[in-house]
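Protein chains in written order, with the numbering used here: chain X, 1 to 155; chain G, 1 to 155; chain S, 1 to 155.
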Amino acid sequence: MHRIDRLNELGFELPPPFPALGSYNVVTTAGDQVFVSGLGPLKDGQPVIGVVGDDMTLSDAQDAARMTMLLILASLEQSCGLDNIERCLRLTVYVRAEASFKAHPKVADGASDLLRDLFGPDRLPARSAIGVSSLPMGIPVEIDSIFARQGLTNR
Amino acid sequence: MHRIDRLNELGFELPPPFPALGSYNVVTTAGDQVFVSGLGPLKDGQPVIGVVGDDMTLSDAQDAARMTMLLILASLEQSCGLDNIERCLRLTVYVRAEASFKAHPKVADGASDLLRDLFGPDRLPARSAIGVSSLPMGIPVEIDSIFARQGLTNR
Amino acid sequence: MHRIDRLNELGFELPPPFPALGSYNVVTTAGDQVFVSGLGPLKDGQPVIGVVGDDMTLSDAQDAARMTMLLILASLEQSCGLDNIERCLRLTVYVRAEASFKAHPKVADGASDLLRDLFGPDRLPARSAIGVSSLPMGIPVEIDSIFARQGLTNR
């Protein structure tokens with residue numbers, strides 16, 4: 001099944017990809033690794049804003065992480081085609097949170113649950129979840145990631 | 001000499017590996033690179049908690065970094081076997097510190113000194129040390145890392 | 001044209017490389033990927049200090065990012081020779097900023113504009129820009145990076 005069809009089956013639609021906001025590429029490929037720039041949540045083309053644990057709940061933060069992952073997938077579809085992606089290798093999930101926040105992994109699940117459903121539970125990525133004090137435009141979540149193109153793993 | 005024996009000779013025992021706290025793998029392998037998820041310090045199976053420069057001293061933070069590295073090594077031993085690991089390529093050490101803290105590299109040495117003693121001074125990794133405002137569960141240090149399996153370097 | 005000559009043509013001189021401040025390598029190579037440790041801005045061999053949006057302006061922060069990139073390039077020249085580097089694959093730009101700061105991508109442009117001018121606009125890296133609460137020695141910007149040696153891309 002095409003990855004796009006599987007996403008639709010899961011109830012998701014890819015958003016329009018977002019252009020780079022400066023001198024970088026959203027996606028850069030090197031050999032079999034695909035590096036995706038740090039992206040954040042967009043709603044109707046506008047950045048979602050918030051501080052997790054302050055003016056944003058855990059549930060809303062998970063939604064923001066899921067929206068960010070959909071934007072990552074849209075960027076991959078545009079640059080190399082999702083059907084050419086084998087799996088995600090690593091996710092780094094930065095959460096803009098107030099200082100006492102502790103549930104960063106729950107926020108990150110919003111993004112990686114979608115990867116599990118799309119690529120399968122046997123192809124989960126390595127992951128880091130980090131709390132930071134500020135992010136571009138005031139977004140609550142930023143995710144950078146490395147994916148593998150078909151053919152890398154188990155070679 | 002087996003890496004485990006060398007660790008014991010250095011006076012260290014590997015802790016039990018810690019399971020993933022969500023939809024990710026602790027260790028993901030791609031080609032010759034091994035990606036390890038962000039891990040933190042455990043003592044008797046419980047997370048160590050603290051803010052470096054506030055309620056945790058530099059020396060305790062170095063211990064926390066060393067405990068984290070032992071957990072990383074335990075995860076590698078479980079997933080692919082430490083004897084199949086050639087070296088660490090990159091460490092990112094996130095330190096949960098109060099805002100005026102400046103000695104992040106000293107904290108990171110707690111982790112990378114152990115790598116030096118285990119893999120040799122000619123196989124040191126690249127390293128970044130960063131100060132952050134919050135981390136999962138309130139841990140003082142989180143480290144993510146990339147290792148090389150035997151055969152990659154100097155190919 | 002040699003990369004060093006191109007840099008001079010752009011009006012830049014490489015600073016002296018800075019030694020590692022602990023048990024790590026400034027540059028570690030694995031296969032065709034070159035990992036560079038997190039580096040910061042130096043002026044006359046001394047670290048530049050500041051908090052962006054507080055006691056440091058956006059323009060000064062961009063200069064700090066550019067100085068950091070020159071130090072990265074100097075480290076690459078020393079370790080493997082800039083003419084053997086094909087491109088930058090990924091930049092992570094950590095900005096020590098006050099909590100309401102939002103223009104992290106503009107700071108990061110200070111570093112990646114230099115990469116664009118040196119390697120060409122068709123070889124831009126993936127990039128993440130993150131706001132953090134503290135950095136080693138009080139520097140305002142830290143950048144870690146992965147470069148490709150000649151021969152990797154489009155293979």
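Quick reminder that beta carbons are idealized off the backbone N, C-alpha and C, glycines included.
Query	Result
Member of G:Gly131, G:Ala148 and G:Asp109 whose CA lies at the smallest distance from the CA of Ala156 of chain S	The first residue shown for chain S is 1 and the last is 155, placing residue 156 of chain S beyond what the model contains.
Nearest residue (CA-CA) to His2 of chain X, options X:Phe18, X:Ala129, X:Val93 and X:Asn84	X:Asn84
Proximity test, Thr68 of chain S beta-carbon vs the ligand NAD heavy atom, cut-off 7 Å	Questions concerning the ligand NAD fall outside what the structure shown contains, since it holds no ligand whatsoever.
Cβ neighbours of Met56 of chain X in the same chain (closer than 8 Å, five flanking residues each side left out)	Gly50, Ala64 and Pro140
Residue-level contact to chain X via CB, Ser59 of chain S, 8 Å cutoff	no
For Val132 of chain X, the nearest candidate out of G:Tyr94, G:Ile146, G:Phe101 and G:Pro125 (CA to CA)	G:Tyr94
Partners in chain S for Asp5 of chain X, counting only beta-carbon separations shorter than 9 Å	Those do not exist, as Asp5 of chain X stays about 27 Å from chain S at its closest Cβ, beyond 9 Å.
Phe147 of chain G: contacting residues in chain X (beta-carbon distance under 8 Å)	Within chain X, no residue comes near Phe147 of chain G; the closest Cβ sits about 11 Å away, beyond 8 Å.
Unbroken alpha helix (DSSP H) run spanning Gln78 of chain S, endpoints	Leu58 to Ser79
Reduced DSSP secondary structure (H/G/I, E/B, other) of Ile139 of chain G	coil
Sub-8 Å separation of Ile143 of chain S and Leu10 of chain S beta-carbons	no
Endpoints, the alpha helix (DSSP H) within which Phe119 of chain X is located	His104 to Phe119
Reduced DSSP secondary structure (H/G/I, E/B, other) of Phe18 of chain G	coil
Buried or exposed by the 16-neighbour rule on C-beta atoms within 10 Å, applied to Asp128 of chain X	Contrary to the premise, residue 128 of chain X reads as Ser rather than Asp in this sequence. By the 10 Å Cβ count, Ser128 of chain X comes out buried.
Partners in chain S for Ala99 of chain G, counting only beta-carbon separations shorter than 7 Å	Ser133 and Ser134
C-beta contact flag for Val145 of chain G and Leu91 of chain G at 8 Å	For the sequence presented, residue 145 of chain G should be read as Ser rather than Val. Contact flag set, yes.
Residues that DSSP places opposite Val52 of chain X in a beta bridge	X:Met56 and X:Ala97
Beta-carbon spacing of Phe101 of chain G, Ser134 of chain S below 8 Å	yes
Leu21 of chain G: contacting residues in chain X (beta-carbon distance under 8 Å)	Pro105
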